[in-house]
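Participant: Mind looking over this structure? Questions follow.
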Amino acid sequence: MRNISAVLVLLASIGCTRQVPKIGCVDTTQLIAQYGESQPELQQIRVKWQKAERELDSIQNQITWLDQQGLGSDSLRAFYMRRREVYQKHLKGEDERISRQVTDEIDQLIAQYAKKNNYSMIVGANQSGNVLFVDSVTNITEEILKELHAEKE
Numbered sequence: 013m014r015n016i017s018a019v020l021v022l023l024a025s026i027g028c029t030r031q032v033p034k035i036g037c038v039d040t041t042q043l044i045a046q047y048g049e050s051q052p053e054l055q056q057i058r059v060k061w062q063k064a065e066r067e068l069d070s071i072q073n074q075i076t077w078l079d080q081q082g083l084g085s086d087s088l089r090a091f092y093m094r095r096r097e098v099y100q101k102h103l104k105g106e107d108e109r110i111s112r113q114v115t116d117e118i119d120q121l122i123a124q125y126a127k128k129n130n131y132s133m134i135v136g137a138n139q140s141g142n143v144l145f146v147d148s149v150t151n152i153t154e155e156i157l158k159e160l161h162a163e164k165e
């Protein structure tokens, strides 16, 4: 009887010390949109994109006009097409760089917030359902990998 009581006390103490995971959820689409709006770098990129679209439309109009006039030689057409491609690549690279910077800032802030507020996990509510933060207690990836490797042996 004492053994049963001791086991029950032991189980109760283990159960009391085990922490219930605190899980949060973030709408990443909303977060990026609203945080991005406040970033001057993204505002500058948007202005550049608007200017670029006007420039690209102008280039396309020049190509169309040359074709209509029968003046559109292959080399001239190729020149305008290369100009357009270079412009698009440059702007896309700028956009990706700034977007990556904003995303990295958001990820760092979420991790800091999670640690400060004792979250075990923060998941992202978006189309891909990304996990944004997982503490070492909640993340069981290593244990699963060990099990998988053990099964292979």
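Every number in this note's numbering is 12 more than the matching position in the sequence shown, counting from 1. All C-beta atoms, glycine included, are put in the ideal place defined by N, C-alpha and C. Note that the structure is predicted; figures quoted are calculated from it, not measured.
With a cut-off of 8 Å, do at least 3 Cβ pairs link the segment 32 to 41 to the segment 75 to 82?
Facilitator: Verdict: no, contact absent.
Participant: When burial is assigned at 16 or more other CB atoms within 10 Å of the CB, is residue 126 buried or exposed?
Facilitator: Flag for residue 126 reads buried.
Participant: With a threshold of 8 Å, are at least 3 pairs of Cβ atoms found where one atom belongs to the segment 50 to 69 and the other to the segment 91 to 103?
Facilitator: Output reads yes: the segment 91 to 103 touches the segment 50 to 69.
Participant: Taking the straight line between their C-alpha atoms, what separation do you get for residue 115 and residue 86?
Facilitator: Residue 115 and residue 86: Cα-Cα distance of roughly 42 Å.
Participant: Grab me the residues of residue 124's own chain with a C-beta within less than 7 Å of its C-beta, minus the 5 sequence neighbours each way, in chain order.
Facilitator: Cβ within range, chain order: n/a, list empty.
Participant: Pick out whichever of 99, 77, 120 has its Cα sitting closest to the Cα of residue 62.
Facilitator: When each option's Cα is compared against that of residue 62, the closest is 99.
Participant: Find the nearest neighbour of residue 45 within the set 70, 64, 138, judged by alpha-carbon distance.
Facilitator: It is 138.
Participant: I'd like to confirm something about residue 162: is its beta-carbon nearer than 6 Å to some heavy atom of the ligand NAP, or not?
Facilitator: Among the ligands in the structure shown, none appear at all, so the ligand NAP cannot be discussed.
Participant: If you draw a straight line from the alpha carbon of residue 93 to that of residue 162, how long is it in whole angstroms?
Facilitator: Those two C-alpha atoms are separated by around 57 Å.
Participant: Would you report the Cα separation of residue 65 and residue 135, rounded to the nearest angstrom?
Facilitator: In a straight line, the C-alpha of residue 65 is about 36 Å away from that of residue 135.
Participant: Between which two residues does the alpha helix (DSSP H) holding residue 105 run?
Facilitator: That run of the alpha helix (DSSP H) goes 86 to 128.
Participant: Give me the Cβ distance between residue 89 and residue 68, rounded to the nearest whole Å; I'm assuming they're in contact under 8 Å.
Facilitator: 15 Å between Cβ atoms; not a contact.
Participant: I'd like the list of long-range same chain contacts for residue 107, defined as Cβ closer than 8 Å, with 5 residues on each side in sequence excluded.
Facilitator: The answer, listed in chain order, is 57, 61.
Participant: Around the C-beta of residue 41, are 16 or more other C-beta atoms found within 10 angstroms, so that it is buried, or is it exposed?
Facilitator: Exposed: under 16 other Cβ atoms inside 10 Å.
Participant: Report all residues from its chain with a CB closer than 8 Å to the CB of residue 75; omit the five preceding and five following residues, and keep chain order.
Facilitator: Same-chain partners within the cutoff: 84, 89, 92, 93.
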